[in-house]
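What follows is a single structure, written as structure tokens, with notes after it.
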């Protein structure tokens, strides 16, 4: 409590973490062991040093790793010398070490918390627990909710930066250790489905190059389509299975990704990728993939997610479109158009028209909002970034979808196609497009717009078979294929040679309450409760609850 | 004057209201008597108690109701114990009781003020009026303008809350007494035309159910259409007549409603309701209602109001779209599409196309603005609310209008229809839609979008006569009819059993200047003028004018 | 340094401007002589008066005009008595007279600065230059960059006012003398191309009146078209040549115009005017003007500028659409539609569709943004202003373009046409439209929307040849012709009788850093550097660089 005038010697904080061994088996080879540690927090205000240490001795049964009296003392002393690390864990005055770094269990699926709760109760039922009880109970609850509470959108904007909101600001601390390699599943982001998007559209592209009348002069073999499609299928299966495991084991991490204003759009990616696979399926697979039932299965999650996300934009909560809009919001719109293409393929034109209309309405909103670059929109990249290629995806897909539904590449299709083409040019002329950015697996998502634009150009070349249109279709196709090839090589290198494909996914591990403000509020609350209660020797429950209130106050602040 | 350091004993305020009897006859049975009271305000700074009381005795000729020395003393004492009520009337230091609560005459049509002015002159010409004269004159003028000045849009947002901006914030006080039942006409809001909207569309719906080829399997009798249409006509006539009386007697209240950012959109409702009546007219009435002259008569107020309101959005003043946009803004757009439908019915396709284009342009703006939920838009409901059903109305009407003008339910019609359908789903899945809100007569306005969507679905089922489309049309029609029936019962219960259909319409009685800031400014101004003039024994005219200045400063603040 | 606590007597600033004669020849008759003066700034902190004056004497070799010790002393004394003029030149504490007013050379094309640099070096190599050297060098650099640095968009909004951002705020000072008539080329704004827009559309209008089947009853002679076209051609040639000269001699002024948020849109005007000339060319000129090569030449600058400007809106920097949007942004959109019309005329339908699509996408953004009147948009006129007529131009042009490309005045054309018509009405009913504003040459740009609307009405009257449509076409045509005639007379009067057509173009001469804030920052920086360095007797280089830092800080401030 560095900011309170009263001396810190009056306050003692002890972190007690009786850990059990890692009782969970790792299903995946790369999943390294993690430990589910219990958390108990004791806070004593105005008590004597002796009593504290006595209680410490009593409580400390099995300290597994770094959790020891030494660390507690270290952190206490560190707090004096390094103020920032002192408030780093969000615990503040005395609730400090509630959650040890490296405690990956907090992101585990909720059932794992049952064990923790049991262990905690056991712990609390011990003797001499009179003073620490309330605090421990409350502190543990606070931590639990600190992870599992839905993180407000503004919090992500405050704590993260970069166009993908994947880098933690310097002023922020995170819940997991930065210097340690996290479990593989925790490092496996939803953005990996971008690989499937990129490969799936490539499969469609090469299928179109092989079958399109306009590109017949190329004599592309359908085998390429088959090969890429199989590769895309394999990628989709492996990414899906891995993410399913993450779903099973680290559901809290997935909830964190879901609340992430950029990442949430990638939750559309699995369905869209699967729809790409269905659209690009080689001729022999088509009876299976191009069936209305398949369409229903694939479109259902898109519709549900749209009802949720568009509803958030429109009618409640803090996730207003003017705040959360960012180029990846296009992903939440493009699903409609891809679904419309698939609907046209399976023969449900009306369903396709429905999706197209829904897509149009929301594309309008997203397009205008992004073009305005409202000052309230905090996730907009300051510089040009690959994520801007998303702008190309939606009009291209809208153009193809309209042509697929209504049977001809008419004025509406052309209008959307030309919008896409202009945006393509607009990004293309900014030469240093892919330069100076660290490669990440999300880049794959930025390739599918180019491929979609190539596909739309092929459709346009079919409608207007001039030299110019064919040359454009060819060059765009080559460009997108080249970039996908480069990304494939780059990804393989990162994955198997440099082993750097999946860095720690810092974005999911941000604290819920901002440290800086939180600290101020906490110290105020502490001062207040100190002033009032210093004579009453009450349990510090009120203090903790005031901390929680401080957090909710801040959430409210973030709404405006 | 609680915030000034000088003791309140130095200041005396006296409220003198020599009231005349109620000289106006109540034309409507439910219109209870009200009293046009004169207002005179006296302010004496640094004067003695005796002098004040002497003047009080002199002036107090006929105290009609609550206006007495007792009340004045009570309010003076109340000001000490209850600071909020102390500044409640906006009069501040000594200008307190300028306007007695319950003085409904301030909302009367302007001609009524002539009488007041005469009475005031009479009052002022009395003896011993040396000190109070300037203050009384100025105070009365301030009050007069306090009512009749156009209330800035930001003021409504500041003083009111709720998605309909019909509840007064706790920090605000209003010009009329909260604990008293106001005259019926003052409690009769423009939103009552929503009843006509709801019933009018029901009449159209049952007409369509009876005549549509797609719904022929239902064998609906045209008599239902006739019955509902007659009911709608009766409702329209009675609401119109009542509101016309309000227009005649309480024009100031109507001006207040006109400046209300939500209510202003309901000024479109009379024309739209009448257009609904024309569109839904039973076959034998059609030659009269479906005549170009009728269209001209009905569309004229819509066009004029649009020129006014869209002009406000676009080109001047503080009523920027980004500020005043709220779901009821759809009402100001939907009139175009309804007018286009009627134009198509009367055979003026080009006029319909004109209206459709105007509607489209402004629908785009409203739709995008509402979807963005700009942080500057202050009237947006935080939670889902029936008012959101307005979102369905415009695209449904646009869809029907396009089909009516261009003769077929083509791609444009479908696009708008499907947008409406998606928005319907989006609102429908949020189950607790109609729950937890207090019933108000404005709810009627929220039923017509559903009925319009049902109508569009019937048109769609005509174009695409599948089982699914017919089932959808049927279920949507039933749902809208059910809700309208429920509302009808609820309205009758509120009107005749619980007598709570028309609560006091607090929204029109807000003060123009905000109390809190105003109070601060006033006390500053008071302190200043006190410091300067305490020895000069001047009339407090400057003080009052500084209050007015404070108000205008605040208005300027509200512009940004 | 009036805001620092230390007395100003400690600081001496001397402005030394050894000027050479005007060594440049004036190519244009109206180009009055200007002088390229060298600038040297000396700053001495804590030094004695005698030393300063000694240096002053030493340095002062040839004082050409107003630059003398007298003026330096005057400005020093003036700073004490007139605080605003004291900080007027942005130099702040001692860096005052870095740039003499009337020194028009700063806006010259860069090559001119070479001479200055040489002269400066010569100057710096003089004896006794030990203290002034660093300051002079740095000061001169700062001034140079003060002119040639790209002025941030926010700076224009901060320094200028009015819907055309052509008036300097009272709190601002400018780099050039207000009380002196500037060189003609510096007073020749890009807005002069508006004359070509107005005359070019008139030529098209009279051509359409002569040839349109709907207006055949007027029997307009094609000779009028020829006459106006030749007049428009003459105007275009003379304006172009004059502006080309400005380009050659005062390139810095043109850069200033380019960074101006309103003026930048007028950079589209030359191309658009030329396209108008091509579209309106009399029959015998058509083979030359309506050739694809001509289209390519004319559309190239439009496309390039669009890539630049739309890219700024979308993907980087501070020129967000939500900030810079203003009615003249329509000019940057309308080029697409005019280009589409020309493309249709030369037979390149697909190119026209491309341009139309690009125009539509950006028109949507501009239209919605302007209708919302976002609070972040600083250039929006508070009152109705002729600039609002721009709103009519784009939908009219879009309507004509669609009809030209797709061959018929169909639903899309009509929708856009009716939107334009409604906006026309909306502006027309606000009667005092052209009243109360000072005439400026930019008004010409506000006439072409009316003419375009007349043209669209003629097209509409061809499609729907009713009495009403023909009467509307006739009356709108007459109105636009009348206004253009009035403007022509007014322009001629201003140009040749009152000689007031080209007032000083204050907008280009604003300072880069805001004076008020800058002064605060400067004084803070000065205080800081004073506190630290007062004993070290360092050169004030750090101070100057801190001023520059202050400027950049402010630029950052302007980003949010």
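Residue numbers (UniProt numbering), protein chains in the order written: chain Z, 1 to 560; chain B, 1 to 560; chain Y, 1 to 560.
Glycine included, C-beta positions come from ideal geometry on N, C-alpha and C.
If you're wondering where the values come from, they're calculated on a predicted model, not measured in any experiment.
- In the DSSP annotation of this structure, residue 174/Y is not part of any alpha helix (DSSP H), being labelled neither H nor E.
- For residue 322/B, the C-beta contacts it makes with chain Y under 8 Å involve 372, 373, 374, 375, in order along the chain.
- If you compare the alpha carbons of 175/Z, 260/Z, 105/Z with that of residue 161/Z, the shortest gap goes to 260/Z.
- In terms of Cβ geometry, residue 454/Y and residue 477/Y form a close pair [threshold 7 Å].
- Residue 321/Z and residue 273/B have their C-alpha atoms roughly 33 Å apart.
- Legend: CB atoms of the region 166 to 180 of chain Y lying less than 7 Å from CB atoms of chain B are not found in any residue.
- In summary, the residues of the region 378 to 412 of chain B whose CB is separated from some CB of chain Y by less than 7 Å are 406, in the order they occur in the chain.
- Beta-bridge pairing by DSSP links residue 161/B to 167/B.
- An exposed status is given to residue 489/B, since fewer than 16 other beta-carbon atoms sit within 10 Å of its beta-carbon.
- Closest in alpha carbon position to residue 360/Z, among 339/Z, 372/Z, 377/Z, is 339/Z.
- The beta-carbon of residue 414/Y is placed less than 7 Å from the nearest beta-carbon of chain B.
- Beta-bridge partners of residue 510/Y (DSSP): 174/Y.
- Measuring C-alpha to C-alpha distances from residue 236/Z to each of 201/Z, 221/Z, 207/Z, 212/Z identifies 201/Z as the nearest.
- Residue burial annotation: residue 498/Y is exposed, with fewer than 16 other C-beta atoms found within 10 angstroms of its C-beta.
- Residue ranges of uninterrupted alpha helix (DSSP H) with 4 or more members, entirely inside the region 316 to 350 of chain Z and ordered along the chain, are 321 to 324, 329 to 346.
- For residue 254/Y, the enclosing alpha helix (DSSP H) stretches over residues 251 to 259.
- Assigned with DSSP and collapsed to three states, residue 439/Y falls in coil, not helix or strand.
- Per DSSP, the unbroken alpha helix (DSSP H) holding residue 402/B starts and ends at 390 to 406.
- Nearest neighbour of residue 107/Y by Cα position, chosen from 346/Y, 181/Y, 342/Y, 248/Y, turns out to be 248/Y.
- The shortest C-alpha to C-alpha distance from residue 366/B to any of 469/B, 313/B, 487/B, 485/B is the one to 313/B.
- Contact annotation: the region 288 to 299 of chain Z does not touch the region 185 to 193 of chain Z, with fewer than three C-beta pairs closer than 8 Å.
- At a beta-carbon threshold of 8 Å, none of the residues of chain Y lie near residue 247/B; the nearest stands roughly 23 Å away.
- Interface criterion not met: the Cβ of residue 346/Z is under 7 Å from no Cβ in chain Y.
- The alpha helix (DSSP H) runs of length 4 or more contained entirely in the region 215 to 279 of chain Z are, from start to end of the chain, 222 to 249, 251 to 259, 269 to 279.
- Between residue 422/Z and chain Y, the shortest Cβ-Cβ separation is below 7 Å.
- By the beta-carbon neighbour count (other beta carbons within 10 angstroms, threshold 16), residue 246/Y is buried.
- If you draw a straight line from the Cα of residue 327/B to the Cα of residue 165/B, it is about 12 Å long.
- Counting C-beta pairs with one atom in each stretch, the region 453 to 472 of chain Y and the region 391 to 406 of chain Y have three or more that are closer than 8 Å, which means they touch.
- Within the model, the alpha-carbon separation for residue 333/Z versus residue 195/Z is close to 19 Å.
- Annotation for residue 200/Z: the continuous alpha helix (DSSP H) segment containing it runs 193 to 211.
- A distance below 8 Å between beta-carbons, with the five flanking residues on each side excluded, links residue 470/B to the following residues of its chain, in chain order: 214, 215, 217, 461.
- Short of 6 Å from the beta carbon of residue 299/Y, and not among the five residues preceding or following it, lie these beta carbons of its own chain, in chain order: 339.
- Contacts with chain Y at 7 Å (Cβ-Cβ) do not include residue 328/B.
- The residue among 181/Z, 271/Z, 219/Z, 482/Z with its C-alpha nearest the C-alpha of residue 447/Z is 482/Z.
- Residue environment: residue 492/Z is assigned as exposed (fewer than 16 neighbouring CB atoms within 10 Å of its CB, all protein chains considered).
- Contact check for residue 371/B against residue 315/Z fails: the beta carbons are separated by 7 Å or more.
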